[in-house]
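Student:
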Amino acid sequence: MEEGRVRRRIRVYDRRSENEQQVTGKLLETSGLDFNGFLQLLHRKFAICLHETFVLVTTDRTVLDFDKFEKLQDDSTLHLLQREDQALAVATEEPITFKPHYNTLIRSGMYEYYASAGQKSLPYALAELIDNSISATAKNTGVRMIEIRMMFDETLGKPAVIVLDNGCGMTSKQLNNWAVYRLSKFSRENSTFGSKQDGYVRPDSVPRSLNSDISYFGVGGKQAAFYIGDSTRMITKPVGSPDVHELVLSKEDFERKEKNKEDIYSGTIINRKVGDASHVTKDDECFLHSLIAEESGKESFTAVIIMGILPEHIKFLKDDFAVWTRQLAHTYHYYIHGVNGKNMSSSSTYSDHLSNIDIQITLREKPPRCPRAMNLREVENDMQTLYINAATDTFEFKAYAEQNSGMVEGIIRYHPFLYDKETYPEDPDAAQASLDDDNDDNESRVLHQARRKRPIFNCFWNGRLIPYTTVSEFDWCSQSKGAKELAECYSRVSGVLFTDDRFMVSTNKLTFMELELILKNKDTIFTRIVNGQKQRGNIQKEFTQWLKNCHEKWDKQVKFMGYMETITRTDVPVKRDQYPWATFSSIEWDGNIYKTGQLVKSQKTLPILYGSVVRFLLYGKHDGNVFATGGLVEVALEPKAFHDKIKTIAISKIDKSATDEAILKNIDKDFARLPEILKVGWPEGNPWPQNAVCMAGTPFGPLKIEILNKKGESLSKMPAVGQGAGKKLIIELKVVQHSPKGDQEIVSFVGQHSPKWGFWFKKIETLTDLGKYTLSLNTMLFENNATVFGGKKLPSYKLNFTISEGSAETFVIGAVSPSLYVGVPFNIPLLLKDGYDHSVMCPPDLKPVLTCSGLDLSYDRVDRSGTTITIIGVKARGKLLNYQQSKTYELRVTMPGLKKDTQTITISLLPGNPHALHVTPDDNPITVQNGNPVMFNVEIHDEAGNITANPKQIVRCQVQGFPLVATDCSTTGAGQLVTKPINLKMIKGEPQNLKVNFEMPSQKKMAVVVRELKVVPSTRVSRMELCSEDDENLMLRNNEKIEWLAGGLLENLFYKLYDEAGREVPPTAPIASKIKVNWTGDVNLKDLLQGKLPDVQVPTQVQEARFYQVSYQDQSVSFNIVPRPDEPTRLKATLLQSTLKLGEILPGHINLELVDQYDNATKTLTSTCKNHMTVEAEGLDKSAVVFRWQESSSSVLVTGVRFQSGTPGHREMCFTYKSYVERIIVKVVAGIPAQLKLVSGPEKPLQVLNDQGITTPFLVQLCDEWGNPTTDQRVVVELKSSPLSLKVTTAVTSQPVNAEGTASFTVNRLSGPKGYYQLVFKGSLNQKPIPGPSVNLTVIPDPTKPVSLSVEYDNNAKLPAGGILPVFSVTVVSDEGGPITTFKPAAVSMFLWKGVPSGKTPPQTAIELKCSKPMENERNDCFHFRDKEIPEHVGKHTIQFFLRINKTNVLYSNQIAIHVVANQPVKLAPDSQPPTPVVSYSEVIANRTLVENMTLRIMDSYGNLAGQDLDGKVVVSIKNSSEEGNKSLPLFESKTNSFTMNLVEGKAHITRLAIMENSPGENGSTYVLLFNPEVSMVPTSLAPFELPFRFFNDAENQRKMSELSRKKDELTNALAKYSEIFSTCSKLLHLLTSHHLVASNKEADLRNELNRRNVEIAQTIPDIDRLLHQKKMEASSLLHTPRRVCSLRDHFYGQQDVLGMVGHLAFVQDDDAARVISWHIRGDMDCVITKTTTAAMKIFDDTHGSQQVMALDSVYVTPGNRPMPHIRNGRVLFNPTGNPVFARDLLIFPRDQESCNIAFKSILADTILIDDLNSGTNYRKEVVQNKMQCPTILTRQGDRISARGKFGGAQNKAPMNITTVFGAPLPQHYYTLEEHIDLISQHRLALEKRDVTAKTRDDHLKSMKSPEMLQNHQEMEEKKKQLEEIERQLVSTPVRPVKRGLENAGEPSRIIAKRAKQRLI
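With our numbering as the guide, the letters of the sequence shown map in order to residues 1022 to 2982.
(1) Please report how far the alpha carbon of ARG2127 lies from the alpha carbon of GLY2102, in whole angstroms.
(2) Within this structure, are the beta carbons of ALA1603 and GLY1641 separated by less than 9 angstroms?
(3) How do the region 2465 to 2478 and the region 2357 to 2377 stand: do at least 3 beta-carbon pairs fall below 8 angstroms, yes or no?
(4) Under a three-way DSSP split, which group does HIS2656 fall into?
(5) Leaving out the 5 sequence neighbours to the left and right, which residues in its chain are closer than 7 angstroms to SER2708 when beta-carbon positions are compared?
(6) Whole alpha helix (DSSP H) runs in the region 2878 to 2912 with 4 or more residues, listed along the chain?
(7) Taking PHE1059 as part of the beta strand (DSSP E), name the residues at either end of that continuous run.
(8) Grab me the residues of GLN1773's own chain with a C-beta within less than 6 angstroms of its C-beta, minus the 5 sequence neighbours each way, in chain order.
(9) Quick one: is PRO1839 buried, meaning 16 or more other Cβ sit within 10 Å of its Cβ, or exposed?
(10) Between GLU1537, ALA2255, ASP1284 and ARG1037, which has its C-alpha nearest THR1113's C-alpha?
(11) Between which two residues does the alpha helix (DSSP H) carrying ASN2516 extend?
(12) The alpha helix (DSSP H) that contains GLY2724, what's its start and end?
(13) Rounded to whole angstroms, what is the Cα-Cα separation between TRP1703 and LYS1725?
(14) Drop a sphere of 10 angstroms on the beta-carbon of TYR2892, count the other beta-carbons inside from all chains shown, and report buried for 16 or more, exposed for fewer.
(15) Measure the alpha-carbon distance for VAL2222 versus ARG2232 and round it to whole angstroms.
(16) For TRP1778, is the classification buried or exposed, using 16 other Cβ atoms within 10 angstroms of its Cβ as the cut-off for buried?
(17) In three-state terms, what does DSSP make of CYS1571?
(18) Which first and last residues belong to the alpha helix (DSSP H) in which GLU1687 is found?
(19) What separation, rounded to the nearest whole angstrom, lies between the Cα atoms of LEU2057 and CYS2048?
(20) Using a threshold of 9 angstroms, state whether the C-beta atoms of MET1395 and GLN1381 are closer than that.
(21) Quick test of the definition: if touching needs 3 or more C-beta pairs under 8 angstroms, does the region 2460 to 2473 touch the region 2572 to 2582?
(22) Whole angstroms are fine: how far does the CA of ASP1035 sit from the CA of ILE1335?
(23) Give the straight-line distance between the Cα atoms of TRP1567 and PHE1418, rounded to the nearest whole angstrom.
(24) Leaving out the 5 sequence neighbours to the left and right, which residues in its chain are closer than 6 angstroms to ASN1410 when beta-carbon positions are compared?
(25) Could you tell me which of ALA2251, GLN2716, LEU2700 and TYR2840 sits nearest to ALA2885, measuring between CA atoms?
(26) Just curious, the alpha helix (DSSP H) that CYS2817 is in, first and last residue?
(27) According to DSSP, is ARG1694 helix, strand or coil?
(28) What whole-angstrom Cβ distance do LEU2173 and LEU2157 have, given they're in contact under 8 angstroms?
(29) Should ARG2145 be labelled buried (16 or more other beta-carbon atoms within 10 Å of its own) or exposed?
(30) Pick from THR2516, GLY1827 and ARG2465: whose alpha carbon is nearest that of ALA2490?
(31) Use the C-beta contact count for HIS1072: other C-beta atoms within 10 angstroms, 16 or more gives buried, fewer gives exposed.
(32) Measure from the alpha carbon of ALA1420 to the alpha carbon of each residue in LYS1784, ILE1560 and PHE2463, then state which is nearest.
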């Protein structure tokens, strides 16, 4: 076949003959033929004669012509007939394909019947087939018959379900369309040629949307059929066609085709004549014969036969026939019964909207089972029928949804409560919930028994039910938003919503997609419909009123009366049901009234209850009489003694037939059986009488107790109530002791009844404590220990008695001092006790006996007092072992005659008082050598000879002729005395005697101790001499100086020692060991024993004399040795400084001299020696070297040493003199600083955004003139800009170099106008400049930096006080000059304050105003402040705007001065409010003065002067006060009650205004002084000024009232100030609370958002900071992770209207894609994109045309996104391989996405990126074959296929490594982290603000409760009381009721009084 020709084959059936001979169709190849050629082919193939007439028709009977032939598709089927209406004698087969529509791929699997919410979905699958039938019969004029036949009779074939209708049928094309899955009616072409029928037309609107347009999606029929069975046969005959079309789809056929690898979505439509069943050959399909036989006579029909029914479906259809037919009746209720539904009570059988649809269902089973039939019209228990017939009233409405222009009709029905039940219908299919009769709470909460939790609305779509979508309620019909008194009525409504197809449903019509969401949208409008007309009004009010009417008209309820209170019932187990419960005192029920206290009897309870009504309960908040469906009653059971409980039962359980007599009779008969008294018995005798007194320890009891009733019967339990046993009784025994501290229970027993012993209590033997007691016996209930039952106290018994002490049996030793002293008397107290430790009186015959081992004891006497015996004056004596520790003794006291007569105490005995001194040694005399001290030991003894230690025990020792010495023996009782050395002048060696005395000054009575001292001569060394063994005459004198050769040795020195008498003392080992020399530590002891000293080594260095010493104890001899030099051995050079700088002379000099072997200067050089000395060194400038003779030191000085070249380092200098040579090393360092060098810095050229910094520091090195780095830290390096208009901000602008000679400068910020600048580095040393480098840079403006706030407003606008300010438009201006729109409105504020502009920031008193919300058609590049109020006070005000850039930076606008003028004049008022005048008609003018020196002015409503340009008059008059009626009026001095005064320039001044003498008026009355302005030039009349005053007829009263009025005014003003303070505090508290709530909510929202995003939530600010730091570190790590970057340097980004270079405008994620796209547009990668041509031309001019640019305002690209070439009109032309995408879609734009999109659309156009070259070539081929242009194709492997189809070669292959490539974007996790950081930062601010607002609020609360505020409150209350008292006095002040008229104005006051008296008579 030729290339480009489309293959077309047509199958033709020759059906010209009318016999039934089977002829197969012929498949004809018609490729390249037109219609004439096709006809010629037909003549040949079918042997048609030339003159024979025939027609060619399609299977849907469309006659073929030339045009229609061209439209035939491949594999079409045609019939060759004699005429157009000829019937087909034999069936033909038409191949079709029914590949799923592409929607299958998009939306398949969304809805399935298997997801049916746990319900049986089979009825809804049948409903899908019924939907198709309803749509097919929509245009029927007669009855629309739909039959569902269940063929379950196995004798007729396999089970089948048949859905049959008499609708319009389907053509073969329509049948083909039906087979295509998801081919909706909107996409179908219903004929072979599209021009025959129009497309889908939406039906007209009809009531309830019953438009039959419910076959919709092209899904439900197939889905339902294959859900029911596994095979579907479609048989259909269209209107006007003689042919029947038949199609079979089966699971078996699909599986076979899949197995044989055939086209699954292909099949055959059988086109046959009516009634032809010849093709039905299978036995299991024999029932089809009868079905096909029914075709005759039918104009049109469709039958759906489903076979292979699943067994579970057959079982359900058989067993639950009534269930699924009821569900279908509910689904199509309104199609079956019409728009009003089935109303069985209506007398009318027909209506205008009655439907003509009959849905007949039959189920045929194998005989003998009878067939079942049901017409859905006959179903009476579907839910809609139940709802309609249970309703008493309806509420109709419509909802208009703005989102989809859809309309919803709705109806709500009311089901009333009738007496004792709800009429809301139950769902027959729902399980009936059993109600617990004992759960009485539900009776008062009936809303759970009506609708329960079921939603209100069922939802119908185009008239049929959507079963799984319900709408619970709307806000206007919600109980939560409705009237609380109608709460239970909301549960008595049901409803229906009717929608059209504008509201989407699922493809299986089980659920709505968004119905509830749309209807609950705030834009949805609800309107009530009454008699078909819309009602204007509030839908919620209309509904509430309707519901109220229904409640009052239809509900039959209980009336609750006498509201008492609302309570919480803790006995209700469910907490939410515990509150609120309203309580009532009575009810009216069924004509009977029940009240509190009324006796009632229950019914239907076990047991039957008798009791009185406590109260009635009703759930809910009620405060008056109310009707309810039921409630509860609290019944106090009677008799209370039996029950003692209140039972709550339902009101319905009250027995209305019971009488009071019958109830009382049942109650009274039980009282006689109750316990009455206790009988106490003493089984062992010895009963204790009342108030008995017994000794401690006397036994009590035992006791036997009996409980008796009134009949004398003994009881052990309460009488039984009902069928249960009576409550068990117990007896409690308690013994209580009464004491001053209160009663104390000491014995408590509970006795239970024993059949043998009864109630028995054992003997009590523990009553030993003294005092009064009470025995109590109480009868109690065993179960709760209650002593009162039913309001009656159970029997009890009490016995009072007293316990007293017994006789003396023992004693106790009282407190004795723990420390006793020898010989010091002390007392011993003894306390007598009985057997229970009670104190008793002392018998007179007791005498104590004291004994103690080791001590001698005695006492003086014995004292007796009450219960105590005291032994007086006890003394103890004995010897102690240690003066520091006491000794413990056991002291025994015996009291003969007692039962326990002996007690022992432990005492500690210490030494007694000082008595004598004891001194040792005892020798007398005591011998001591002269010069030695003497030591004595002393002890202080008590009278028993024990050493004793006491305070002030000072012992003194006095040696004759020597100083006194003393020792303190206070601590130890002993001490040592050491005298000073006894130095006496011995005469002839004879000893001398001295006296020594010892005494204690504190003990005058103690005897003095005397000792004698004998002093003898001493033998110690007293002199030392040094001599030489070599020279006997050499004797070294003390301090002698000796000269000796340096380094020599002084040998053979000896020492000699002499005593005091001059005798030589021979050396001994002790003496030798004490010989000390200072020149060596190495001493030979043997030599010292011989008297020989160590040799002296003379120092090697010539220096001053050296000191030497020999010593023995305090004797010594010293001498000095002076060393002298030896002969010279070398030349020595000495440098004062070994380091010098290049070019400089060595500081100081070099000293040359001859030295000996020890470097001692020999001073042997002469002045001529310098001429023979030379020096050599590398780089040494010899011309400057000078040798100079130094006479004083006999040495040569070398000066002028300088090095002129070379590098720094060490240099050797060699000095020569005769044979002497000396070498020295000097260090040469860099020279003096001469220049600065830049060693490191940022890359160049350098471009910096204004106000940004340079991250890379500049490192400057200090160098000398030869370029060597130097390190002089005195050099200061300074960084400056040139020109100076560039401001440079660094950490330091100047700094000294560091130890390495470098200085580092980091530029933090550069600020200046756009332009070119230099950074200049200069140094200085001692104010001398050092040149340095300069760095060129370009400053470009920062478009994101705000630099100013531009404010626009109408500055000519007049600003009246209290008005509205003009709109202020504030623009944030960037450094670039353009507006910045990135700031949020919350960042901009407006400050307003009174006063003129001052400073740069607003004062603290300024008011902050927030930005207004933007309006439509308003500029979005600025912030607007509108509707802001003008201050109420005139004068100068200032406005300033504020922008918060970030946490630390803010920006203020210029301050704007505004002048507020007065508003419209509205009133006349004084400058200040005068006090209330009080006047009388006295002759004294002061008492008659109303006002004085008052100025009235015209003011606006805010008190501003507003009438300076107005003139007029003021009419002054007097009128009665409003509350005092018509009275005679006082007159002014002019004897008139009014006068006029001038009003000039808006003001009128009143010097004095007074009433006339003897003015008329009523005494004690209040009048009003009225100042009424009359001004003609004001638009509205001005309000007058009114001043009340009091009038009296006597001066004294007037004076009192005036004083009271003055105090009243003062108190009123003071109270106003207090009220203002408290009001301000309250408002501020409300504001702070609001701020705290807002901050808390903000914090909670942010916390919830963090939680939603699974971000860790920190609770404290430090934890948040830690988390932020962690997140920022992680983000920083990602940011600095190496990734692909564009290597181009963009020097133009940041300039105005410049986007930047192409290579920097986008990122590409994939490496291969980035490489090939970058290579493809490599010529454009460095192109600069600008927004405007002006910006592009500027770059062009600045670069002299060397930079390529592109301006976007000169570029046009097609708007929108064109689809890929393989997609046309939304359809995929072919399935491409290789994942083709537009290359520009892979670009990620980090900024200005819209502009970048335009730029890359222009650069890349429609370039496509695909995986590989094969995919690319195939894609291009497919596109071209579809007759479309193919754009350039790039491959990820680097290949390129040009738009002309060219590929291959180096020019079409991207290299692997290219220099310029798009960068890679940051990983997505980085942006996630940035979002988290932003959220966490916001949360931190919110948390901080929450805490601050909470603290501020708490502080304010504390201040409100502070003592000052409390005092203010107290003062305010006091002033209120004072004011009330004054007002009372003002009102109650007695006045004489005298009225005066004008006729007696001139009479004196006494006549007035007389006339008044006559009137009174």
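All C-beta atoms in this analysis are idealised placements derived from N, C-alpha and C, irrespective of residue type, glycine included.
Tutor: A quick look at the data gives this:
(1) Here residue 2127 corresponds to residue number 1106 of the sequence shown, with the count starting at 1. Here residue 2102 corresponds to residue number 1081 of the sequence shown, with the count starting at 1. Computed Cα separation, rounded: 17 angstroms.
(2) Taking the first residue of the sequence shown as 1, we reach residue 1603 at position 582. Taking the first residue of the sequence shown as 1, we reach residue 1641 at position 620. Their beta carbons are under 9 angstroms apart, which means ALA1603 touches GLY1641 by this criterion.
(3) yes
(4) For the purposes of this step, residue 2656 is identified with residue 1635 of the sequence shown, where counting begins at 1. Correct three-state label for HIS2656: helix.
(5) By 1-based counting over the sequence shown, the position of residue 2708 is 1687. Excluding positions up to five away in sequence, the list reads THR2880 and THR2881.
(6) none
(7) Start at 1 with the first residue of the sequence shown, and residue 1059 comes out as number 38. PHE1059 -> not in any beta strand (DSSP E); alpha helix (DSSP H) instead, spanning 1056 to 1067.
(8) Sequence index remark: in the sequence shown, residue 1773 carries index 752 (1-based). Cβ neighbours of GLN1773 beyond the five flanking positions: ILE1751.
(9) One-based indexing of the sequence shown puts residue 1839 at position 818. Exposed, since its Cβ has fewer than 16 Cβ neighbours within 10 Å.
(10) The residue given as residue 1113 occupies position 92 in the sequence shown. Residue ARG1037 is the option with its Cα nearest to THR1113.
(11) Along the sequence shown, one-based indexing puts residue 2516 at 1495. In the sequence as presented, Asn is not what sits at residue 2516; that position holds Thr. Not the alpha helix (DSSP H): THR2516 falls in the beta strand (DSSP E), residues 2510 to 2520.
(12) If you number the sequence shown from 1, residue 2724 lands on position 1703. 2723 to 2726 is the span of the alpha helix (DSSP H), which, as asked, contains GLY2724.
(13) Working through the sequence shown from its first residue, we reach residue 1703 at position 682. Working through the sequence shown from its first residue, we reach residue 1725 at position 704. The alpha-carbon atoms of TRP1703 and LYS1725 are separated by roughly 6 angstroms.
(14) Here residue 2892 refers to the residue found at position 1871 of the sequence shown. Exposed, because fewer than 16 other Cβ atoms sit within 10 Å of the Cβ of TYR2892.
(15) As a position in the sequence shown, residue 2222 is number 1201, starting the count at 1. As a position in the sequence shown, residue 2232 is number 1211, starting the count at 1. The alpha-carbon atoms of VAL2222 and ARG2232 are separated by roughly 12 angstroms.
(16) For the purposes of this step, residue 1778 is taken as the residue at position 757 of the sequence shown. Answer is exposed; the Cβ neighbour count stays below 16.
(17) Position 550 of the sequence shown holds residue 1571. Helix at CYS1571.
(18) Numbered from its first residue, the sequence shown carries residue 1687 at position 666. For the sequence presented, residue 1687 should be read as Asn rather than Glu. Looking at the DSSP string, the run of the alpha helix (DSSP H) that includes ASN1687 is 1681 to 1689.
(19) Mapped onto the sequence shown, residue 2057 falls at position 1036. Mapped onto the sequence shown, residue 2048 falls at position 1027. Their Cα atoms are separated by approximately 6 angstroms.
(20) Counting from 1 along the sequence shown, the entry for residue 1395 is found at position 374. Counting from 1 along the sequence shown, the entry for residue 1381 is found at position 360. Yes. Within cutoff.
(21) no
(22) For this step, residue 1335 is matched to residue 314 along the sequence shown. For this step, residue 1035 is matched to residue 14 along the sequence shown. Rounded to the nearest angstrom, the two C-alpha atoms are 44 angstroms apart.
(23) Within the sequence shown, the letter at position 546 stands for residue 1567. Within the sequence shown, the letter at position 397 stands for residue 1418. If you take the alpha carbons of TRP1567 and PHE1418, they lie about 12 angstroms apart.
(24) Sequence index remark: in the sequence shown, residue 1410 carries index 389 (1-based). Closer than 6 angstroms at the Cβ level, and outside the excluded window around ASN1410, lie MET1365.
(25) Working through the sequence shown from its first residue, we reach residue 2885 at position 1864. It is LEU2700.
(26) For the purposes of this step, residue 2817 is taken as residue 1796 along the sequence shown, with counting starting at 1. That run of the alpha helix (DSSP H) goes 2814 to 2825.
(27) Stepping through the sequence shown from its first residue, residue 1694 is reached at position 673. Helix, per DSSP.
(28) By one-based count along the sequence shown, residue 2173 stands at place 1152. By one-based count along the sequence shown, residue 2157 stands at place 1136. So it is not a contact: roughly 13 angstroms between Cβ atoms.
(29) Translated into positions along the sequence shown, residue 2145 becomes position 1124. Classification for ARG2145: exposed.
(30) Against the sequence shown, residue 2490 aligns to sequence position 1469. With distances taken between Cα atoms, ALA2490 lies closest to THR2516.
(31) The residue labelled residue 1072 in the question sits at position 51 within the sequence shown. Counting Cβ neighbours within 10 Å, HIS1072 comes out exposed, since fewer than 16 surround it.
(32) Position 399 of the sequence shown holds residue 1420. Closest by alpha carbon: ILE1560.
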